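These protein sequence lines are chains H and A, in that order.
Start counting the first sequence at 48; every next residue gets the next number (the numbering used here).
Start counting the second sequence at 2; every next residue gets the next number (the numbering used here).
The beta-carbon is built from N, C-alpha and C at its ideal position, and this holds for glycine as well.
These numbers come from a predicted model, not from an experiment.
Single-structure report; data block below.
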Amino acid sequence: MMSNPTPESLHPGLNLGEEHGEDHLEAETSVFGFWVFVMSDLVTFGMFFAIFAASSAPMWMAGGPGPKDFVDIGSIAWQTGFLLASSLTSGMAVLSLKERHAGEGASRGRLIFWLLLTAVLGFGFLYREIADFVSMAQMGAGPTRSGYLTAFWSLVGLHGAHVTAGLLWCLTIVVGVLVRGVDKRWKLALLRWAVFWHFLDVIWIGLFTFVFLGGLI
Amino acid sequence: MERAKEFHSYLIGFGLATVLTAIPFLLVATSTLSPGWTYGALVLCAAVQLVVHLRFFLHLSFRGQQKEDLQLVLFTGFILLIMIGGTVWVLGSLYTRM
Numbered sequence: 048m049m050s051n052p053t054p055e056s057l058h059p060g061l062n063l064g065e066e067h068g069e070d071h072l073e074a075e076t077s078v079f080g081f082w083v084f085v086m087s088d089l090v091t092f093g094m095f096f097a098i099f100a101a102s103s104a105p106m107w108m109a110g111g112p113g114p115k116d117f118v119d120i121g122s123i124a125w126q127t128g129f130l131l132a133s134s135l136t137s138g139m140a141v142l143s144l145k146e147r148h149a150g151e152g153a154s155r156g157r158l159i160f161w162l163l164l165t166a167v168l169g170f171g172f173l174y175r176e177i178a179d180f181v182s183m184a185q186m187g188a189g190p191t192r193s194g195y196l197t198a199f200w201s202l203v204g205l206h207g208a209h210v211t212a213g214l215l216w217c218l219t220i221v222v223g224v225l226v227r228g229v230d231k232r233w234k235l236a237l238l239r240w241a242v243f244w245h246f247l248d249v250i251w252i253g254l255f256t257f258v259f260l261g262g263l264i
Numbered sequence: 002m003e004r005a006k007e008f009h010s011y012l013i014g015f016g017l018a019t020v021l022t023a024i025p026f027l028l029v030a031t032s033t034l035s036p037g038w039t040y041g042a043l044v045l046c047a048a049v050q051l052v053v054h055l056r057f058f059l060h061l062s063f064r065g066q067q068k069e070d071l072q073l074v075l076f077t078g079f080i081l082l083i084m085i086g087g088t089v090w091v092l093g094s095l096y097t098r099m
């Protein structure tokens with residue numbers, strides 16, 4: 048049997064790297080455990096997608112508005128851009144842990160800068176999404192109008208709720224890092240949050256493809 | 002340099018994801034192709050972008066990875082296939098009978 052005591056990568060997602068010593072090794076269980084949660088969350092999303100797919104036939108619109116009546120492709124493009132850019136900036140935040148003197152002085156400043164930029168982009172996403180929900184409700188396309196709209200609001204709303212949680216988590220890390228410094232606890236939180244944030248962008252691929260653009264064809 | 006390599010990985014992933022996002026939006030906004038082909042192109046772009054995200058953003062790979070992590074992801078994919086496929090199949094069949 049081949050033994051490899053220090054594999055290149057201990058867990059999926061960005062690894063801290065050997066220069067972080069103990070913290071790098073402890074990240075393995077911590078991040079793997081979080082992946083188990085993320086995958087169970089993926090199953091939840093999968094079921095919401097399945098319900099949506101099963102409810103998108105014209106019959107389920109019950110004579111009410113369909114995607115062509117309320118989907119604003121410009122707004123969806125903005126939301127997609129915000130989320131994709133925030134995925135990049137969240138990666139930059141984790142990468143700042145790999146700088147020399149990581150977590151101290153200028154490096155900690157860069158970490159906080161990327162986290163705040165990610166939060167701003169995430170907020171931009173939520174702002175456009177909520178604006179779309181409000182205009183849908185005003186035109187009579189609320190979640191109670193038809194089975195299709197119930198599935199639509201549940202699926203898109205579930206993702207929006209996740210983004211809200213991810214935003215709060217991001218800001219919590221900013222405060223934690225400011226108060227306690229970049230210690231093991233916040234490094235591991237940052238790794239897990241980055242996995243969560245990338246995961247939400249992956250879910251969004253399914254949303255803009257099947258729910259928004261697919262509905263407009 | 003591990004850090005420089007990872008930085009480039011993010012930039013490549015971001016570039017690819019941007020292109021794979023722009024294609025479906027342009028196809029739908031301009032309706033260049035027939036609905037059937039547009040839908041096919043959308044699904045293809047989404048599938049490729051999924052791989053791009055997993056590879057460049059989540060750093061999932063078949064090499065140098067602990068076995069359990071990959072098994073977790075693959076098993077979840079399997080479960081999803083059964084549950085989503087089964088739901089759509091059963092309810093779709095029901096729909097055509099109504």
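Simplified DSSP assignment, three categories, for M186/H
Along the first sequence, read from residue 1 onward, the residue named residue 186/H stands at position 139. In the structure shown, the three-state DSSP call for M186/H is coil.
What are the complete beta strand (DSSP E) segments, minimum 3 residues, inside the region 4-77 of chain A?
Scanning the region 4-77 of chain A for uninterrupted beta strand (DSSP E) segments of 3 residues or longer gives nothing; none is fully contained.
For T127/H and chain A, any beta-carbon pair shorter than 8 Å?
Position 80 of the first sequence, counted from the start, is the residue given in the question as residue 127/H. Taking CB atoms only, T127/H has a neighbour in chain A less than 8 Å away.
S102/H in three-state terms, based on DSSP:
Looking up residue 102/H in the first sequence gives position 55. The answer is coil: DSSP assigns S102/H none of H, G, I, E or B.
Would a check of beta-carbon distances place V83/H closer than 8 Å to chain A?
Mapped onto the first sequence, residue 83/H falls at position 36. True, the Cβ-Cβ gap to chain A drops below 8 Å.
For the alpha helix (DSSP H) holding W216/H, just list the boundary residues, first then last.
In the first sequence, the residue the question calls residue 216/H occupies position 169. Its alpha helix (DSSP H) spans residues 194-227.
Only counting the same chain, and skipping five residues up and downstream in sequence, which positions put a Cβ closer than 7 Å to that of N51/H?
Your numbering for residue 51/H matches position 4 in the first sequence. Because the pLDDT at N51/H is just 43, under 50, the model does not fix this residue reliably, and the point stays unresolved.
Which chain C residues sit within Cβ distance under 7 Å of V20/A?
No chain C is present in this structure, whose protein chains are H and A.
When the cut-off is 8 Å and only beta carbons count, does F79/A lie next to chain H?
Taking the second sequence and counting its residues from 1, one reaches residue 79/A at position 78. With 8 Å as the cut-off, F79/A does not count as an interface residue toward chain H.
Using 8 Å for Cβ pairs, my map puts G138/H next to F58/A. What's the rounded Cβ distance?
For the purposes of this step, residue 138/H is taken as residue 91 along the first sequence, with counting starting at 1. For the purposes of this step, residue 58/A is taken as residue 57 along the second sequence, with counting starting at 1. About 6 Å separates the two Cβ atoms, so the contact holds.
If you count every other CB in all the chains shown that lies within 10 Å of the CB of S182/H, and 16 or more means buried, which is it?
Within the first sequence, residue 182/H is the residue found at index 135, counting from 1. Looking at its Cβ environment, which holds fewer than 16 other Cβ atoms inside 10 Å, S182/H is exposed.
Starting from P114/H, follow the alpha helix (DSSP H) in both directions and report where the run begins and ends.
Translated into the one-based positions of the first sequence, residue 114/H becomes position 67. 114-117 is the extent of the alpha helix (DSSP H) around P114/H.
At what residues does the alpha helix (DSSP H) containing K145/H begin and finish?
Indexing the first sequence from 1 puts residue 145/H at position 98. For K145/H, there is no enclosing alpha helix (DSSP H), as DSSP marks it with neither H nor E.
For Q39/A, which residues in chain H fall below 7 Å Cβ to Cβ?
The residue given as residue 39/A occupies position 38 in the second sequence. The residue you asked about is not Gln; residue 39/A is Thr in the sequence shown. The contacting residues are I264.
Mind listing the chain A neighbours of L238/H? Cutoff is C-beta to C-beta under 9 Å, in chain order.
Walking along the first sequence from the start, residue 238/H turns up at place 191. Going along chain A, no residue has its Cβ under 9 Å from L238/H, so there is no contact; the nearest lies around 11 Å.
Cross-chain neighbours of T88/A in chain H, by beta carbon under 8 Å:
Residue mapping note: residue 88/A aligns to position 87 of the second sequence, counting from 1. What T88/A touches in chain H: M94, A97, I98, A100, A101.
Report the rounded CA-to-CA distance for M94/H versus L205/H, giving the unit in angstroms.
On the first sequence, residue 94/H is found 47 positions in, with the first residue counted as 1. On the first sequence, residue 205/H is found 158 positions in, with the first residue counted as 1. Computed Cα separation, rounded: 12 Å.
Should the region 218-226 of chain H be called in touch with the region 159-168 of chain H, which here means at least 3 C-beta pairs below 8 Å?
Yes, the region 218-226 of chain H is in contact with the region 159-168 of chain H.
Which chain A residues sit within Cβ distance under 8 Å of S133/H?
Looking up residue 133/H in the first sequence gives position 86. Under the 8 Å cutoff, chain A gives no residues; its nearest Cβ is about 11 Å from S133/H.
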